[in-house]
Every structure is written in structure tokens, then in C-alpha cells.
Amino acid sequence: MDRSQLIETHSFESGVLPEDQQFAAWAAFTAHSEVGRPHGGPFHASARFWRLDGLLVSAQTVDPFSMDRSAAYLSATAASHFLVVVPRDGHSRFRAPGLDQDCQAGDIILANLRMLGRCDNAERQQTIAISIATSFLEAATGRIEVHGRLQRSPETRLFVSFMGALVQQLPFRPLTAAASLSRILRDLLANAVLSGAPEDPAPQARLPSLSARARAYIDAQPPGELDMARMVQSLATTRSSLYRAFRGDGGVAAYDRLRRLRRLHRTVADPLDRRSLTELGADHGFPDPPNLARLFRRTFGYSMSELRTQLAFAPIHNAAPTASAVELYRKAVGDLV
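Every letter in the sequence shown is one number past the one before it in the working numbering, and letter 207, counting from 1, is 1190.
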């Protein structure tokens, strides 16, 4: 395929610059935070990045550095995106008011740029980063208040695995795949954020809310077998009370349907699960394949077969670098709205 028809790979190599310019060139990629380093001398940074719809993906190997979203930067530089970092090796330390977290391979760090936060890498480290437009991600999650390392879950592990494969595949994907890849990445990240967000503990001596009890009840039901009459009786409540508790979700049935669709999305995206799509749908309480196909596409913007096909693409070879990486990167981040 002609390279003009592929998603473009942009590259940066600090080694081609004089030593006294290497760190400054790397720091110039970031406008929303102060970038520092623990010591002087040469600075190794090797990066590739790809611009998709509503987000930017990068893979880099970088010497020790820090990124500080301080009060001065928070007030001076608006940011309409989230920064998501997936460490491939080494250790990072993420700090914010009330947080001091050690992060390592397998973790996901969600830097909520509405908030103060600092990340320090103490050694040369490989990472994958995603800058994603706030509106694009929150369309799938609702307003995000999470900040820092996500709690590990099946959804976070799937996202980490997906990103490791994706950065190998992106140089060889056609431009026509950008929109669907963006939606798939966003939806997998949304599931990771929703599953990895810490739950607020219930105050002592206070019973769980009706909403919490109802969600626990729904989770315990076999997929597709939720019965409202039994639910009302089991929770000793009324239909109108349940409607009020789930008003923001479109009602109990809509909440349960979306919960099952998100779990089905995760299963379809799992490369180790090769059951038929019909079988997966039935296992998640969707026995009617045509109806499920309509629901899935309406919810996620693509079909189950498209999701499985996109994730099955295999890498071929390494991509060639391109010029003007700093300017292109900063413009791409600036365009995330």
C-alpha cells in the first residue's frame, strides 16, 4: 500500500541534535506542564507518534525527567484533554494532593489536567502515552474525577495489552481505519477508567444507598434475566424510587443493558476468546443476533466483527521517521477539543 494512504508516523530522535539542545527539544513537546530533569549532560529521547480522531498516541523511550502540572501551569494553560500513560518498564512516581503512588509496568496513569499533578521517572523508561480530548472520552464515561493510577482490573489489563499491540500496528494501518481505531481505543479506555476508579467507601453507621444496593442486585443477576417485579420486592422499594435512582442512566433497564454491552465489548476485544459472536451475545443476555447487532453499533459506532477485525491486525516492519515532530505534536494536542 502507498505510504500516503497509511496513518502517518512522526518521529523524534534526540541523538541527532547537539548534546546541549537534546533536553530542551524533548521538553518543547509539552506545553501544559513544566518539564525538568534530575541532572545535566546528554539526554536520550526516542519517540514515535500518530494522530487519530480525537486523540494522539505516542510510544517513547526517555531518560529520567519530571512533568509538573503546578498551580502556575494550571492557571496559565488550559488543557482540553487527558494524558494517559502506560509504563512498559521501570518505575514512575505520581504525586498530587492526597496522592503519592508508585507506578510500574502494567499500570495506567490517568493525568486529569483539570487538577494539580506531578510525575517523576527516575530511570530511562519506555512508555506509551495517549492524549485524548476531554469531550471525546467523557462522551463515553460522563465527567471524570479520577486522577492518578487506576486500580487494576480485567479492563485495565486488556487496555494495556491492546496499547502494546496497537503501537506496533499503527504504522501499517490505512487512513480509513483511523476513525474506528479511535472509537475502539476510546471505548476500551472508558471501560478501564470506569472499572479502575476507586469506589467511595460508605460512611460508617450509614446503610448503603438504594442506588448502591440496586447496582449490586443487578450485578448478581444472570445476564438478560433481570426481573423488575422481583427486584422491587427484594429491595423493599418501589418502581418510582428505582426510576429516580437511575434517572441519570435512562432507567434500570437501560443501565443493565449498557452494563452488559460494555462487558460484551471487553469479551469481543479479548484476543484469547475466539467464541462466535452469536455465542458471546447469548452469554451476555442478548439472544437475538440482529437486535444485538443494532444495539452494539448504535452504542459504540461500529460492529462486533469490525472490533474483532481491527484488533487482529498484525505488524509488518518498522516505520520511517518524519520531520517537524515538535510542531506537529503540539499542534495536534492543541486541536484536541
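C-beta atoms are modelled at their ideal positions from N, C-alpha and C, and glycine is treated no differently.
Quick caveat, the model's predicted, so the values are computed rather than measured.
Practice problem: Please report the residue range of the beta strand (DSSP E) in which Met1050 lies. | Solution: As a first step, residue 1050 must be located in the sequence shown, where it is residue number 67. First-last of the beta strand (DSSP E) with Met1050: 1048 to 1052.
Query - Chain-order list of residues whose beta-carbon lies under 7 Å from that of Met1287 (same chain, five-residue window excluded) - result: As a first step, residue 1287 is located in the sequence shown; it is residue number 304 there, counting from the start. Excluding positions up to five away in sequence, the list reads Val1251, Leu1260, Phe1279.
key: Whole-number beta carbon distance between Ser1163 and Leu1038, since they are thought to touch under 8 Å   = In the sequence shown, residue 1038 corresponds to position 55, counting from 1. In the sequence shown, residue 1163 corresponds to position 180, counting from 1. At roughly 13 Å, the Cβ-Cβ gap does not stay under 8 Å, so Leu1038 and Ser1163 are not in contact.
Discussion item. With H, G and I counted as helix, E and B as strand and the rest as coil, what does DSSP make of Val1069?
Written reply: As a position in the sequence shown, residue 1069 is number 86, starting the count at 1. Assignment of Val1069 by DSSP, reduced to helix, strand and coil, places it in the strand class.
Under DSSP, the beta strand (DSSP E) around Asn1104 begins and ends at which residues? Counting from one through the sequence shown, the residue named residue 1104 turns up at place 121. Segment 1100 to 1104, the beta strand (DSSP E) holding Asn1104.
Report the option in Gln1152, Phe1048, Gly1023 whose CA atom is closest to the CA atom of Ile990. Position 7 of the sequence shown, counted from the first residue, corresponds to residue 990. The option with the nearest alpha carbon to Ile990 is Gln1152.
Considering only C-alpha positions, which residue in the set Val1018, Asp1239, Leu1290 is nearest to Leu1168? Sequence index remark: in the sequence shown, residue 1168 carries index 185 (1-based). Considering only alpha carbons, the answer is Leu1290.
Residues bridged to Glu996 [DSSP beta-bridge criterion]: Position 13 of the sequence shown holds residue 996. In the DSSP output, where bridge partners are listed per residue, Glu996 has Ser1029.
* To do: Tell me where the beta strand (DSSP E) around Gly1147 begins and ends.
  => Here the question's residue 1147 lines up with position 164 in the sequence shown. Premise fails: Gly1147 lies in the alpha helix (DSSP H), 1137 to 1152, not in any beta strand (DSSP E).
Problem set entry | Pairwise C-alpha distance: Arg1227 and Phe1065 | Within the sequence shown, numbered from 1, the residue matching residue 1065 stands at position 82. Within the sequence shown, numbered from 1, the residue matching residue 1227 stands at position 244. In a straight line, the C-alpha of Phe1065 is about 31 Å away from that of Arg1227.
Among residues of its own chain, excluding the 5 on either side of Ala1062, which ones have a beta-carbon nearer than 6 Å to its beta-carbon?
Your numbering for residue 1062 matches position 79 in the sequence shown. Closer than 6 Å at Cβ, skipping near neighbours: His1015, Leu1096.
Considering Gly1114, what are the terminal residues of the beta strand (DSSP E) in which it resides?
Taking the sequence shown and counting its residues from 1, one reaches residue 1114 at position 131. Per the sequence shown, residue 1114 should be read as Ser rather than Gly. Bounds of the beta strand (DSSP E) holding Ser1114 are 1108 to 1116.
query: DSSP puts Pro1080 in a beta bridge; with which residues?
result: As a position in the sequence shown, residue 1080 is number 97, starting the count at 1. Its beta-bridge partners do not exist; DSSP assigns none.
>> Measuring only the C-alpha atoms, how far is Gln1005 from Asp1046?
In response: Translated into the one-based positions of the sequence shown, residue 1005 becomes position 22. Translated into the one-based positions of the sequence shown, residue 1046 becomes position 63. The straight-line gap separating the alpha-carbon atoms of Gln1005 and Asp1046 is approximately 11 Å.
Beta strand (DSSP E) containing Gln1043: first to last residue?
Taking the sequence shown and counting its residues from 1, the one referred to as residue 1043 is at position 60. Gln1043 -> beta strand (DSSP E) spans 1038 to 1045.
Output the boundary residues of the alpha helix (DSSP H) element that contains Val1251.
Against the sequence shown, residue 1251 aligns to sequence position 268. Unbroken alpha helix (DSSP H) run through Val1251: 1235 to 1252.
Notebook entry, point to check: Which of helix, strand or coil does DSSP assign to Pro1184?
Noted result: Numbered from 1 along the sequence shown, position 201 holds the residue referred to as residue 1184. Here the model assigns Pro1184 a pLDDT of 43, short of 50, so the residue's position is not dependable and the matter cannot be decided.
I need the boundaries of the alpha helix (DSSP H) containing Val1129, first residue and last residue. In the sequence shown, the residue the question calls residue 1129 occupies position 146. That residue, Val1129, is in no alpha helix (DSSP H); it is neither H nor E in DSSP.
So does the stretch 1026 to 1033 actually touch the stretch 1050 to 1062, counting three or more Cβ pairs closer than 8 Å? Remark: fewer than three beta-carbon pairs, one from each stretch, lie closer than 8 Å, so the stretch 1026 to 1033 and the stretch 1050 to 1062 are not flagged as touching.
_Residue range of the alpha helix (DSSP H) that includes Ile1201_ = Walking along the sequence shown from the start, residue 1201 turns up at place 218. Where Ile1201 is concerned, the enclosing alpha helix (DSSP H) stretches over 1193 to 1203.
Quiz item: According to the neighbour-count rule (16 or more other Cβ atoms, all chains shown, within 10 Å of its Cβ), is Ala1175 buried or exposed?
Solution: In the sequence shown, residue 1175 corresponds to position 192, counting from 1. Ala1175 comes out buried.
In angstroms, rounded to a whole number, what distance separates the CA positions of Glu1002 and Gly1073?
Here residue 1002 corresponds to residue number 19 of the sequence shown, with the count starting at 1. Here residue 1073 corresponds to residue number 90 of the sequence shown, with the count starting at 1. Separation of Glu1002 and Gly1073 (C-alpha to C-alpha, rounded to the nearest whole angstrom) is 24 Å.
Exercise. Could you check what DSSP says for Ile1092 in three-state terms: helix, strand or coil?
Key: The residue given as residue 1092 occupies position 109 in the sequence shown. Ile1092: strand per DSSP, three-state reduction.
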